[in-house]
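Chains as they are written, first to last, in the numbering used here: chain A, 30 to 146; chain B, 68 to 184; chain C, 12 to 343.
Everything on this sheet refers to the single structure shown next.
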Amino acid sequence: MSMLTTYLSWASLVLGGFLCVSGSVGLLRFPDFFTRMHAASVTDTLATGMILVGLMFQAPTWIVFGKLFMILVFVLLTGPTAGHALAKAALHSGLKPLLPGKSGKIETDANPSTGGV
Amino acid sequence: MEFLGLFNYWVVIVLMMIGFYIVICSNNLIKKLIGLTIFQTSVFIMYISMGKIDGGTAPILAEGVTLYSNPLTHVLILTAIVVGIATTALGLAIVVRIKESYGTVEEDDIHAKDKQA
Amino acid sequence: MESFIHVIILSMLVTTAIAIVKVKDLFAVTMLAGIYGLLSASFFVLMDAHDVAFTEAAVGAGISTLLILTTLSMTGRFEKAADTPGSNYKPALALALVTLTGALLIYGTQDMPVFGAADAPVQTHVVPRYLNDSAAEIDIPNVVASVLASYRGYDTFGEVVVIFTAGIGVLALIMSTASKAPVALRASMEEHVVLRIVSKMLIPLILIFGLYVQFHGEYGPGGGFQAGVIFASAFFLYAMLFGLTAARKVVNNTWVQALAALGVLLYGSVGLLAMINGGNFLDYNFLAQDDVHGQHMGILFVELGVGITVASVMIIIFFTFSTRRQRDGDPD
């Protein structure tokens, strides 16, 4: 049992760490604001969530487990909400996502640097 | 940890000097205040670094722990942070008043207006 | 491994600070300052200063960012280009001065004890007494709380008065006296349904968490200062989402101002009560029959006073700034 929880815990931790790194790479390399924000929200929600789950497997007492669980709920509530609010604010202020044009290629006339905050 | 030696204090001095540079070299009053915050935080970092003991834990008494980091520096900085935000708010209030009566928060323009008057 | 993380966080702090120097967009500078606060909070966790990290995360990354942003919306987002003719912008001179000062300070550090030394003067003077005797004298696990509220209660009283004074100062400087009829202000976030619902779920939790931090401060990281800041942030969230007019109905101006004074008064009265019972000012041993019980009572009430004052002053500051901003024009 304890072997199993250790493996599960480390699997979640490593996955969380990987998502953190991939999210950061996405944040740096994606073309426009919306895709970059997507990368940031993945780091925010999924990566943090996986790390918290990994820690929950290792919790020594139930009270620690409960606290970690509450943090997880908080992160799951706030992360996506923040992402949603950001995207909505960006749309409202006139920023359009890059979409494939008629030729199927991504139109590059939009200046990608305008999305950065 | 031994090889860190005085490294912490040097970083503190670098941060402090960056804050100092912003304060004396920036024209914008809000940026000056942010520079002051950086300066302030570097002092916090110095105090907290001084209080750390190798192998110590947080100063919350627990069974089986004998070595604690210094609680006194923590107390000093804890209160200083909240006092710091209160005084920063006061500074920002003064900036707002300056903006209202001079129409600008750039130091040069304020001096120029003072000379005209 | 720990020293590796340590070096990385310090380097990130320096990088952020340099970016703050370079960037001209004050909005971005404010965000960078928030990142700077969060990084220093993580550094404090690494240094075992959990109480401090807590406070810095709430203040440095939260409230101070919010206040600067509110001010920016009144003063303009961009810094003027520095090298306009006729300005006395002399970066080379400033850089020389800064480098010289820094070099002198680094020379001065040669006499300091190395980082983490257990025999440094800081560690050997009064601290052993706090660590060894507080279990018997005060009997609460968190030594930071006992030093803050009991051993150095006098200092903390001073700090609370400073915070109170700063609150009064902000009120005196920018309180809007002219009660212009509020032009049916639409809350700027009205169309954000998701945001409003989630916040409605979160605000009670934030308030409960604030109370937990307030009253659990004797046993874990926490106490009046942190709790006050967290408690106030729930009201900020409400004001930002539902508009100032709605928030004003929840938080009455007069009441908050009275509460800010009440916190300081509570702190002082605990001290006076000790004097009436025959002790010195803030000597909690005289508050109850036995010493330890008196200490517990004293710390509880003093922390409560701190919490009330900090929360009220933060609310006063934020509301005063936002009201000023509304009066100045744009309701967004």
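Even for Gly, the Cβ is constructed at its ideal location relative to N, Cα and C.
Does DSSP classify C/Glu90 as helix, strand or coil?
Here residue 90 of chain C refers to the residue found at position 79 when the third sequence is read from its first residue. Of the three classes helix, strand and coil, the one that applies to C/Glu90 here is coil, per DSSP.
Could you spell out where the alpha helix (DSSP H) holding C/Arg163 opens and where it closes?
Counting from 1 along the third sequence, the entry for residue 163 of chain C is found at position 152. Element bounds for C/Arg163: n/a, residue is neither H nor E.
Tell me the DSSP bridge mates of B/Ile127?
Position 60 of the second sequence holds residue 127 of chain B. Answer is C/Asn153, bridged to B/Ile127.
C/Val31 and B/Ile105 closer than 9 Å at C-beta
Mapped onto the third sequence, residue 31 of chain C falls at position 20. Mapped onto the second sequence, residue 105 of chain B falls at position 38. Note that residue 31 of chain C corresponds to Ile in the displayed sequence, not to Val. Yes, the pair counts as a contact, with Cβ atoms nearer than the cut-off.
Is there a C-beta anywhere in chain C that falls below 9 Å from the one on A/His67?
Within the first sequence, residue 67 of chain A is the residue found at index 38, counting from 1. No, its Cβ sits nowhere closer than 9 Å to a Cβ of chain C.
Does the stretch 84–92 of chain A touch the stretch 55–71 of chain A, meaning 3 or more C-beta pairs lie closer than 8 Å?
no
Taking only beta-carbon positions, decide if C/Leu159 is within less than 9 Å of chain B.
What you label residue 159 of chain C is simply residue 148 of the third sequence in a count that begins at 1. Taking Cβ atoms only, chain B reaches closer than 9 Å to C/Leu159, which makes this a yes.
According to DSSP, what are the bridge partners of B/Glu173?
On the second sequence, residue 173 of chain B is found 106 positions in, with the first residue counted as 1. Per DSSP, B/Asn95.
Which value, in whole angstroms, describes the spacing of the CA atoms of C/Ala146 and C/Arg140?
Along the third sequence, one-based indexing puts residue 146 of chain C at 135. Along the third sequence, one-based indexing puts residue 140 of chain C at 129. Near 10 Å, if we compare the C-alpha coordinates of C/Arg140 and C/Ala146.
Residue(s) in a DSSP beta bridge with B/Asp181
For the purposes of this step, residue 181 of chain B is taken as the residue at position 114 of the second sequence. Paired residue(s): none; B/Asp181 is not in a bridge.
Kindly list, in the order they appear in chain B, the residues whose Cβ is closer than 7 Å to that of C/Phe236.
Stepping through the third sequence from its first residue, residue 236 of chain C is reached at position 225. Here the neighbours are Leu145, Thr146, Val149.
Contact set for C/Thr41: own chain, Cβ-Cβ below 8 Å, skip 5 residues either direction:
Numbered from 1 along the third sequence, position 30 holds the residue referred to as residue 41 of chain C. The residues are Thr76, Ile79, Leu80, Leu83.
For chain C, check one thing: does any of its Cβ atoms lie closer than 9 Å to the Cβ of B/Ile177?
The residue labelled residue 177 of chain B in the question sits at position 110 within the second sequence. It does not: the Cβ of B/Ile177 has no partner Cβ on chain C nearer than 9 Å.
If we count the other Cβ atoms within 10 Å of its Cβ and call it buried at 16 or more, is C/Thr135 buried or exposed?
One-based indexing of the third sequence puts residue 135 of chain C at position 124. Result: exposed.
Taking 9 Å as the CB-CB cut-off, is C/Ile20 touching chain A?
On the third sequence, residue 20 of chain C is found 9 positions in, with the first residue counted as 1. Not closer than 9 Å to any Cβ of chain A, the Cβ of C/Ile20 fails to qualify, so no.
Looking at C-beta atoms only, is the number of pairs between the stretch 127–146 of chain B and the stretch 293–308 of chain C that lie closer than 8 Å three or more?
no
DSSP state of C/Leu196, grouped into three classes?
If you number the third sequence from 1, residue 196 of chain C lands on position 185. Unreliable positioning characterises C/Leu196 in this predicted model, as indicated by a pLDDT of 48, which lies under 50. The coordinate reading is nonetheless provided below. DSSP places C/Leu196 in coil when its eight states are reduced to three.
Say whether the stretch 100–119 of chain B touches the stretch 100–108 of chain C, bearing in mind that this needs 3 or more beta-carbon pairs closer than 8 Å, one atom from each stretch.
no
Around the C-beta of B/Ile148, are 16 or more other C-beta atoms found within 10 angstroms, so that it is buried, or is it exposed?
For the purposes of this step, residue 148 of chain B is taken as the residue at position 81 of the second sequence. That one is buried.
Through-space distance from C/Tyr165 to C/Gly4, alpha-carbon basis
Any property of residue 4 of chain C remains undetermined from this structure, which presents chain C solely from 12 to 343.
Taking C-beta pairs closer than 8 Å, name the residues in chain C that A/Thr34 reaches, listed in chain order.
One-based indexing of the first sequence puts residue 34 of chain A at position 5. Within 8 Å Cβ-Cβ: nothing; A/Thr34 doesn't reach chain C, min ~23 Å.
With a cut-off of 9 Å, does the C-beta of A/Lys125 fall near any C-beta of chain C?
One-based indexing of the first sequence puts residue 125 of chain A at position 96. No - not a single Cβ of chain C is within 9 Å of the one on A/Lys125.
I'd like the list of long-range same chain contacts for C/Ala271, defined as Cβ closer than 7 Å, with 5 residues on each side in sequence excluded.
Taking the third sequence and counting its residues from 1, one reaches residue 271 of chain C at position 260. Here the set comprises Phe175, Gly178, Thr320, Ser323, Val324, Ile327.
Give me the Cα-Cα distance between A/Thr34 and A/Gln87, rounded to the nearest whole angstrom.
As a first step, residue 34 of chain A must be located in the first sequence, where it is residue number 5. As a first step, residue 87 of chain A must be located in the first sequence, where it is residue number 58. Approximately 7 Å between the Cα atoms of the pair.
Neighbour flag for B/Lys166 against chain C, beta carbons, 9 Å:
Within the second sequence, residue 166 of chain B is the residue found at index 99, counting from 1. Yes, B/Lys166 counts as interfacial toward chain C.
Would you call the stretch 282–295 of chain C and the stretch 206–224 of chain C in contact, with 3 or more CB pairs under 8 Å?
no
For a contact meaning CB atoms closer than 7 Å, what does C/His203 contact in chain A?
Taking the third sequence and counting its residues from 1, the one referred to as residue 203 of chain C is at position 192. Correct list: Ala114, Lys117.
Where B/Glu130 meets chain C, residues with beta-carbon distance less than 8 Å
Within the second sequence, the letter at position 63 stands for residue 130 of chain B. Those do not exist, as B/Glu130 stays about 10 Å from chain C at its closest Cβ, beyond 8 Å.
DSSP state of C/Asp36, grouped into three classes?
Counting from one through the third sequence, the residue named residue 36 of chain C turns up at place 25. C/Asp36: strand per DSSP, three-state reduction.
Below-9 Å beta-carbon distance, C/Met58 vs any chain A residue:
If you number the third sequence from 1, residue 58 of chain C lands on position 47. Taking Cβ atoms only, chain A never reaches closer than 9 Å to C/Met58, which makes this a no.
Listed by chain order, chain A residues near C/Val224 by CB distance under 8 Å:
One-based indexing of the third sequence puts residue 224 of chain C at position 213. Residues of chain A passing the Cβ test: none, with the nearest at roughly 13 Å.
Name, in chain order, the residues that DSSP records as bridge partners for B/Tyr135.
In the second sequence, counting from the first residue as 1, residue 135 of chain B sits at position 68. B/Thr124, per the DSSP bridge assignment.
How long is the line joining the alpha carbons of A/Val104 and C/Gly45, rounded to whole angstroms?
For the purposes of this step, residue 104 of chain A is taken as the residue at position 75 of the first sequence. For the purposes of this step, residue 45 of chain C is taken as the residue at position 34 of the third sequence. Taking the straight line joining both Cα atoms gives about 19 Å.
For C/Gly239, decide whether its Cβ has a neighbour in chain B, counting only Cβ atoms nearer than 9 Å.
Position 228 of the third sequence, counted from the first residue, corresponds to residue 239 of chain C. Closer than 9 Å: yes.
Cα separation between C/Gly48 and C/Thr26?
The residue you call residue 48 of chain C lines up with position 37 of the third sequence. The residue you call residue 26 of chain C lines up with position 15 of the third sequence. One C-alpha to the other measures close to 13 Å.
Given a threshold of 16 other Cβ atoms within 10 Å of its Cβ, counted over all protein chains shown, does C/Leu196 qualify as buried or as exposed?
Translated into the one-based positions of the third sequence, residue 196 of chain C becomes position 185. Note that C/Leu196 scores a pLDDT of 48, beneath 50, so its modelled location is shaky and nothing firm can be said.
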